[in-house]
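Notes to accompany the following structure.
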Amino acid sequence: MRHSERLGRIPPYLFAELERKIAAKRAAGVDVISLGIGDPDTPTNTAVVEALAAAARDPGTHQYPSNRGRAEFREAVARFYSRRFRVELDPETEIVPALGAKECIFNLNLAFLDPGTVALASDPGYPVYTGGPVLAGAEAVLLPLMPEAGFAPDFPGVAASDWQRARLMFINYPNNPTGAVAPDGVFERAVQLAREHDVLVVHDASYTETTFDGYVAPSFLETPGARETGVEVFSLSKGWSMTGWRAAAIVGNADAIESYWRLKSNIDSGMFDAVQLAAVAALELPDIPRETSAVYQRRRDLVCDALAAIGVDVAPPKGTIYIWAPVPEGHTSASYCELVLEESGVVLSPGGAYGPNGEGFFRISLTVPDDRLAEAVERLRSSLGG
Ligand SMILES: Cc1ncc(COP(=O)(O)O)c(C=O)c1O
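If you're matching positions, the sequence shown starts at 29 in our numbering and goes up one per residue.
See below:
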């Protein structure tokens with residue numbers, strides 16, 4: 029059987045590789061602790077589960093949903109944006125549900141790219157920013173994040189010819205995998221460049237609700253001009269521990285959202301109405317992300333202390349569910365992660381898997397229960413310390 033040339037051009041999905049390695053170790057009897065995948069271990073709040081159950085009992089939710097989304101969902105997102113970010117959105121034209129941020133980010137590539145055009149993709153970054161353009165028959169041009177500048181994108185490093193071909197720009201703060209929060213001026217600069225080069229900014233806001241030490245993450249749409257030049261992809265996956273529900277929304281530029289909706293009406297049939305109604309309940313419960321952030325903050329401190337004890341220095345991140353740390357000298361990110369898996373049965377993500385600029389780093393995900401995380405860091409201490 030011959031698969032498409034496009035499919036052949038993307039590397040195997042990072043977590044598929046990790047899952048294979050974990051399975052092999054487990055089959056060999058090793059008690060593997062995976063700090064690889066960022067999938068919250070905390071269950072979805074009971075009130076949200078109850079809202080889903082009640083909505084699912086109503087036969088009115090059982091038919092094809094509308095791809096535009098229910099009015100209740102769009103209005104709940106608008107209320108949330110108004111309360112949380114002081115951003116006023118028109119629920120009719122500036123909000124459409126998405127089946128997770130992943131689906132939305134991928135499909136934006138299909139809606140906006142053609143062969144010969146490119147998407148600028150934060151590097152290191154969420155792998156869909158680079159795989160999506162390739163699957164859409166286009167290309168990704170890497171937009172390096174600079175550690176010395178708080179992981180701001182190296183905008184001046186983008187060649188004039190790439191600006192000419194660019195139609196999309198993927199940025200993401202708080203950032204996976206680096207944990208960086210939006211450096212001052214980055215959103216403003218993105219708006220300016222987007223105007224200058226006619227590029228749609230796609231701000232991936234998957235982690236705005238997971239922040240620490242009193243830091244409150246902004247929405248890209250708070251930036252003057254953002255609504256004219258960009259969209260934001262907001263997800264309930266991480267903040268509300270709802271990764272399995274596939275509940276997200278695209279908000280912002282009405283024309284871009286119209287294109288996304290047109291594309292999607294040819295691909296899927298929308299978000300299950302009962303999930304939309306459960307998401308409405310979730311969005312009215314802002315304490316959920318606050319409480320979840322407190323759990324991750326505690327875990328972040330545990331991991332940063334343990335890393336310091338084995339000689340790995342990291343600045344504690346102000347957001348996300350990840351710790352991003354340099355590998356010890358003499359290692360590549362892959363060789364260090366292999367070593368840690370061998371020596372301690374702990375799975376880390378090699379930074380190089382998030383793009384060439386991730387090389388030399390590894391990522392720890394904080395999404396395992398406290399006792400397992402404590403055990404993992406103890407193993408790192410005893411097998412790699414000293
Ligand atoms: C930066 C980033 N964007 C998007 C996603 C996918 O989110 P969702 O579950 O909403 O599809 C993730 C998941 O890890 C992520 O880290």
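Built from N, CA and C at the ideal position, the CB exists for glycine as well.
In this text the structure is predicted, and so the values were computed from the model without any measurement.
Check: By Cβ distance, which residues of its chain are closer than 6 Å to Val-219, with the 5 residues on each side in sequence left out?
Finding: Thr-251, Gly-253, Ala-254, Thr-257
Item checked: Ser-247 CB to nearest heavy atom of ligand 1 below 6 Å -> no
Next item on the list: Could you tell me whether any non-hydrogen atom of ligand 1 is closer than 6 Å to the CB of Lys-292?
Entry: no
Next item on the list: Have a look at Gly-185 and Val-261 and give me their C-alpha separation to the nearest angstrom.
Entry: 26 Å
Next item on the list: May I have a chain-ordered list of the beta strand (DSSP E) segments no shorter than 3 residues that lie completely inside the region 94-139?
Entry: 123-126
Checklist line | In DSSP terms, what Met-174 is bridged to | finding: Ala-180
Next item on the list: Within its chain, find whatever has a CB closer than 7 Å to the CB of Arg-193; leave out the 5 residues flanking it on each side and keep chain order.
Entry: Gly-144, Thr-145, Val-146
Notebook entry, point to check: Of the residues Thr-236, Val-227, Leu-170, which one's Cα is nearest the Cα of Tyr-201?
Noted result: Thr-236
Notebook entry, point to check: Whose CA, out of Thr-158, Leu-249, Ala-233, Ala-282, lies closest to the CA of Pro-119?
Noted result: Ala-282
Check: Got a sec, what are the start and stop residues for the alpha helix (DSSP H) Leu-221 sits in?
Finding: 214-225
Check: So is Ile-295 buried or exposed if we call it buried at 16+ other beta carbons inside 10 Å?
Finding: exposed
Margin query: Using only the alpha-carbon positions, how far apart do Leu-141 and Ser-372 sit?
Written below: 44 Å
Item checked: Which of helix, strand or coil DSSP assigns to Leu-249 -> helix
Notebook entry, point to check: Cα-Cα, which of Arg-112, Thr-121, Asn-203, Val-105 is closest to Thr-348?
Noted result: Asn-203
Notebook entry, point to check: Roughly how far, in whole angstroms, is the beta-carbon of Asp-212 from the beta-carbon of Lys-346, given that I think they are within contact range, below 8 Å?
Noted result: Between Lys-346 and Asp-212 the Cβ distance is about 13 Å, and since that is not below 8 Å, they are no contact.
Item checked: Segment contact, 8 Å Cβ cut-off, at least three pairs: the region 102-117 with the region 317-336 -> no
Note to self: Just checking Ala-129 against ligand 1 - is the residue's beta carbon closer than 6 Å to any of the ligand's heavy atoms?
What the structure shows: yes
Note to self: Taking 6 Å as the cut-off, is the beta-carbon of Thr-70 closer than that to any non-hydrogen atom of ligand 1?
What the structure shows: no
Check: Considering only C-alpha positions, which residue in the set Ala-302, Val-396, Val-323, Gly-267 is nearest to Pro-317?
Finding: Gly-267
Notebook entry, point to check: Taking the continuous alpha helix (DSSP H) assigned at Ser-372, which residues delimit it?
Noted result: 361-372
Notebook entry, point to check: Do you know whose CA, among Gly-388, Thr-74, Ile-392, Val-368, lies nearest Leu-408's CA?
Noted result: Val-368
Next item on the list: Helix, strand or coil for Leu-408, going by three-state DSSP, please let me know.
Entry: helix
Margin query: Does any residue of chain C have a CB that is nearer than 7 Å to the CB of Trp-352?
Written below: Among the chains of the structure shown, chain C does not appear; only one protein chain is present.
Next item on the list: Return yes when the C-beta of Asn-385 is under 6 Å from any heavy atom of ligand 1, and no when it is not.
Entry: no
Next item on the list: State the CB to CB distance for the pair Trp-289 and Arg-85, rounded to an integer number of angstroms; the pair is presumed to be in contact (CB under 8 Å).
Entry: Not a contact, Cβ separation roughly 29 Å.
Notebook entry, point to check: Cβ of Thr-395 within 6 Å of any heavy atom in ligand 1?
Noted result: no
Check: Considering Ile-278, what are the terminal residues of the beta strand (DSSP E) in which it resides?
Finding: 276-280
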